[in-house]
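Since the structure comes first, as structure tokens, the remarks are kept for the end.
Numbering (our numbering), first residue to last: 237 to 379.
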């Protein structure tokens, strides 16, 4: 193992959505890697290998999956996702924002003020889940 990287990463995140196909398309347009669609599930991949597992809000999770997620919230809970792009500058964020607008997504303007050193903007997914997209600080060590 590399000594300069954390020893663990976030592996899977379960998200229940109204329409698996619509959400899969939305998150793919955000730049997440399409991993695959299956009869009752779609999987998209974040930078670093974390997978978001998209299930229908109307379906129960399989017993093996639900048993392994003791703290998983129910279908009525709206999620908040924070995504971080690879770029570190406001210009990098504007380029990313322009690219996803060109793909048909509706996003807010980049905030005038930074949040803990990050430039950011917000948008909402097809299920009303809030998403904030930030510039990166990966690789920077705290002072």
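For glycine and all other residues, C-beta sits at the position ideal for the given N, C-alpha and C.
Being a predicted model, the structure only gives us computed values, none of them experimental.
| said: Would residue 291 and residue 258 qualify as a contact pair, given that the criterion is a beta-carbon distance under 8 Å? | reply: When the beta-carbon positions are compared, residue 291 and residue 258 stay at least 8 Å from each other.
| request: Counting only the same chain and skipping the five closest in sequence on each side, list residues whose C-beta sits under 7 Å from that of residue 295. | output: Only 276 meet the Cβ criterion.
| When the Cα atoms are used, what is the spatial distance from residue 300 to residue 271? | Note that residue 300 has pLDDT 43, beneath the 50 cutoff, so the model's placement of it is unreliable and no number is given.
| query | Is the distance from the Cβ of residue 262 to the Cβ of residue 361 below 8 Å? | reply | Annotated as proximal: residue 262 and residue 361, with beta-carbon spacing under 8 Å.
| Collapsed DSSP secondary structure at residue 316 in the structure displayed | Residue 316: strand per DSSP, three-state reduction.
| task | Please classify residue 255: does DSSP put it in a helix, a strand, or coil? | result | For residue 255, the secondary structure class from DSSP, reduced to helix, strand or coil, is coil.
| Just to confirm, are residue 355 and residue 371 a CB contact at a threshold of 8 Å? | The Cβ atoms of residue 355 and residue 371 sit closer than 8 Å to each other.
| If we ignore side chains and look at the alpha-carbon of each, how far apart do residue 240 and residue 282 end up? | One C-alpha to the other measures close to 21 Å.
| First and last residue of the uninterrupted alpha helix (DSSP H) at residue 329 | Unbroken alpha helix (DSSP H) run through residue 329: 326–338.
| residue 351, buried or exposed, once every other Cβ within 10 Å from all chains shown has been counted against 16 | Exposed, because fewer than 16 other Cβ atoms sit within 10 Å of the Cβ of residue 351.
| request: Give the single residue among 252, 285, 359 whose Cα lies nearest to the Cα of residue 336. | output: Here the closest residue by C-alpha is 359.
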